[in-house]
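Residue numbers (the working numbering), protein chains in the order written: chain A, 1 to 165; chain B, 1001 to 1418.
Data block below; observations after.
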Ligand code: FES
């Protein structure tokens, strides 16, 4: 158990292995932190940041400063699927609020919350560049467009059943 | 209306995973020709073409290149701004997904012209599915000898790395983007020095938008005079427009600059669905001007848009119908800017938040006539004093609606009085 990051229950050796790719190439920091985040409960909590810091030599404070600047990182553990619902104007005028409400009602959580089974975290996000096929959402790295409240709920059900890779 | 596909010339015509198919369409012939020319001659040709930046600022591309060309340095960079974060813009996504090789070719030509051997594509986080398309195209180009060492047997070497954004709108600002590549918070730098002199890692750097760079190979192949035959006098070539909002035919369409906005909305976009009437249009993205239905006869080029009180921006046209509340849209936009302000400078950090508060207050029915003056004055302060384009442009939805939808504000205030 000693190689375990407590808050995030991830193997710290795996995190260290990703961080070891760093080698003072600052242009790789974003990518490394995203890769770390993927295996660390979709977040970079402090104990995970400490491992990255130890390997790269980047002070923990700098990592914290970096990840709290960019919207796609979290310091708090998130669900297996991060559902990002676009609320920017081009989505908004074609019914994004109704889609978001349907997803929230179905999952029983509000944006910023995680379902009790740890499967979904709901977030609002700004324009994801699918404005001409909006309303649009992202689920982890996948995107879904032209949603209706019903198709959005169907999609969540498919994720619950594990029918979406 | 027939599109004129210069930028989108290859989209849908080849499999992005096949560099051979791209080559068969004449791909990389612009680079091949460029390598037989003097770098200064290439820059002159790009200047003569009148090519201007397609990311929103419309700065003359050849002039930008000449700054980097004229600055001596051991290392220079070409950075492609693929951080397409302006709400209502998704044309670069379509270009990159369908024709990654023309972007690579444009970057390599830029590199040869200014003397840079390294390039970066800064791809927004929200396009993770484009990342493998770009990376495999770069690999294929390298294996085929169009990137890497001694391209086409010349002395010129050039290679490209793709880096990801982190979901920060401000990183579309060029110096914030550079900070982000360097592994820092994406906060804009004080300027000068400009990136052409001191850019990525302090080296002279060209930063161009995706669409801008994709124009380059055809300008080299067909010449400046050919390019100028499209568009209008001071604004040559075409523009890839993103049509979004309450339209029947939303999508990405390419037309010569100077195309009429009304035609774009009604002939191309098909007007509003469900028998609804058009209430307004936001032009130029989330930070662009919101105009009303009486203002649609505008020639879509940078100068005409400005003269008409619209915004050309990155060619964004977001239509909203009469089921919408204008103030609700303005509130939505100001929530966006209050969230996306990086916080480095006070006018933007505080200003966007205060604009949002005032809009909410007016929507709630507790606004006063004095609040309208405050909105105007605060907006002007932000436009004059913000450090970067974010805070300089973000009050535009407010000031444009104060002008073009004044009655909506007056009615909200009146409603509150009763
Ligand atoms: S506004 Fe939602 S994808 Fe652009």
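Backbone N, C-alpha and C fix where the C-beta goes; we use that ideal spot for every residue, glycine too.
Fair warning: this is a prediction, and the values are worked out from it, not measured in the lab.
Which residue wins for smallest C-alpha separation from residue 1083 of chain B, given the options B:1207, B:1237, B:1199 and B:1268? B:1207
By Cβ distance below 6 Å, which residues in the same chain neighbour residue 2 of chain A in space, the five residues on each side in sequence not counted? The pLDDT assigned to residue 2 of chain A is 47, lower than 50, so where the model puts this residue is not dependable; a value taken from the coordinates is nonetheless given after this. Taken in chain order, the list of residues that qualify is empty.
Relative to the alpha-carbon of residue 1293 of chain B, which residue among B:1281, B:1197 and B:1021 has its alpha-carbon at the smallest distance? B:1281
Could you check if residue 1254 of chain B is buried or exposed, using at least 16 other CB atoms within 10 Å of its CB as the buried criterion? buried
Run the proximity test for residue 91 of chain A: is its beta-carbon closer than 7 Å to any non-hydrogen atom belonging to ligand 1? yes
Residue 126 of chain A versus residue 1155 of chain B: straight-line alpha-carbon distance, rounded: 45 Å
If we define contact as Cβ-Cβ less than 8 Å, is residue 90 of chain A a contact residue for chain B? yes
Closer than 8 Å is the cut-off here; do at least three beta carbon pairs connect the segment 42 to 59 of chain A with the segment 94 to 112 of chain A? no
For chain A, is any of its Cβ atoms less than 8 Å away from the one on residue 1195 of chain B? no
Is residue 1109 of chain B near residue 1217 of chain B, with beta carbons less than 8 Å apart? yes
Residue 125 of chain A: first and last residue of the uninterrupted beta strand (DSSP E) it sits in: 120 to 125
Interfacial residues, the segment 1163 to 1184 of chain B to chain A, with Cβ spacing under 9 Å: 1163, 1164, 1165, 1166, 1167, 1168, 1169, 1171, 1180, 1181, 1182, 1183 and 1184
In angstroms with no decimal places, state the Cα-to-Cα distance between residue 1200 of chain B and residue 1165 of chain B. 15 Å
Helix, strand or coil at residue 38 of chain A according to DSSP, with G and I counted as helix: helix
Those runs of the beta strand (DSSP E) which lie wholly inside the segment 1180 to 1255 of chain B and span at least 3 residues: 1205 to 1209 and 1238 to 1245
Any contact of the segment 1178 to 1191 of chain B with the segment 1094 to 1107 of chain B, i.e. 3+ C-beta pairs under 8 Å? no
Taking DSSP as the reference, what is the three-state secondary structure of residue 1360 of chain B? helix
Looking at the secondary structure, which residues open and close the beta strand (DSSP E) in which residue 1081 of chain B lies? 1077 to 1082
Apply the 10 Å Cβ neighbour rule to residue 1065 of chain B and answer buried if 16 or more other Cβ atoms are within range, or exposed otherwise. buried
Residue range of the unbroken alpha helix (DSSP H) whose run includes residue 68 of chain A: 60 to 69
When every heavy atom of ligand 1 is checked, does at least one fall within less than 7 Å of the C-beta of residue 15 of chain A? no
Check whether chain B comes within 8 Å of residue 132 of chain A, counting only Cβ atoms and requiring the distance to be less than that. yes
Between the segment 60 to 72 of chain A and the segment 140 to 149 of chain A, are three or more C-beta pairs nearer than 8 Å? no
Any idea which residues DSSP pairs residue 1292 of chain B with across the strands? B:1280
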